[in-house]
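Residue numbers for the sequence shown follow this note's numbering, beginning at 34 and rising by one.
Note that the Cβ used here is the ideal one computed from N, Cα and C, for glycine as well.
Single-structure report; data block below.
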Amino acid sequence: MRRWPVIIFATIGIAALIAMWPARTPTPDPPSQPLSLVPLPSSLFPPTIFPTDPIRGNPSAPLTIIEFADFTCPACADVQGVLTALRAKQSGRDLAVELQFEDPKDPFVLQILSQKDSPE
34 MRRWPVIIFA
44 TIGIAALIAM
54 WPARTPTPDP
64 PSQPLSLVPL
74 PSSLFPPTIF
84 PTDPIRGNPS
94 APLTIIEFAD
104 FTCPACADVQ
114 GVLTALRAKQ
124 SGRDLAVELQ
134 FEDPKDPFVL
144 QILSQKDSPE
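See the structure below:
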């Protein structure tokens, strides 16, 4: 009679170990081609450069840098150092187009725009 509790506890213990054993899942095969979930920016729309845009560099250059910036943006000011170094490194092999996003209600921006458009 004393053997039954031992057999019951052993059976419960073995069942618990089997239940907690990690299930093996097959590892998926790597894809033969890299998947692109997000289309590349150049495939979304080609960049449009207008004759009125401020352009620096070689117009027939293989590399075109289009910068969207704001006069009052601190991050845009930080990027200027990186872009200046990149332009110096490329030295004529790039075309830089600088597009400004400004708030027409900001008096500081209006002052800068009026000075920018006035002849020196």
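Backbone secondary structure at residue 141 - three-state DSSP: helix
Suppose the cutoff is 6 Å on Cβ atoms and the five residues either side in sequence are ignored; what does the same chain contact list for residue 132 look like? 101
Length of the line joining the Cα atoms of residue 40 and residue 47: 10 Å
Under the three-state DSSP convention, the category residue 46 falls into: helix
Does the beta-carbon of residue 108 have 16 or more other beta-carbons within 10 angstroms, so that it is buried, or is it exposed? exposed
Residue 154, enclosing alpha helix (DSSP H) - first and last residue: No answer is possible for residue 154: it lies beyond the span of the chain, which begins at 34 and ends at 153.
By the three-class DSSP mapping on this structure, what secondary structure does residue 35 have? coil
Around the C-beta of residue 96, are 16 or more other C-beta atoms found within 10 angstroms, so that it is buried, or is it exposed? exposed
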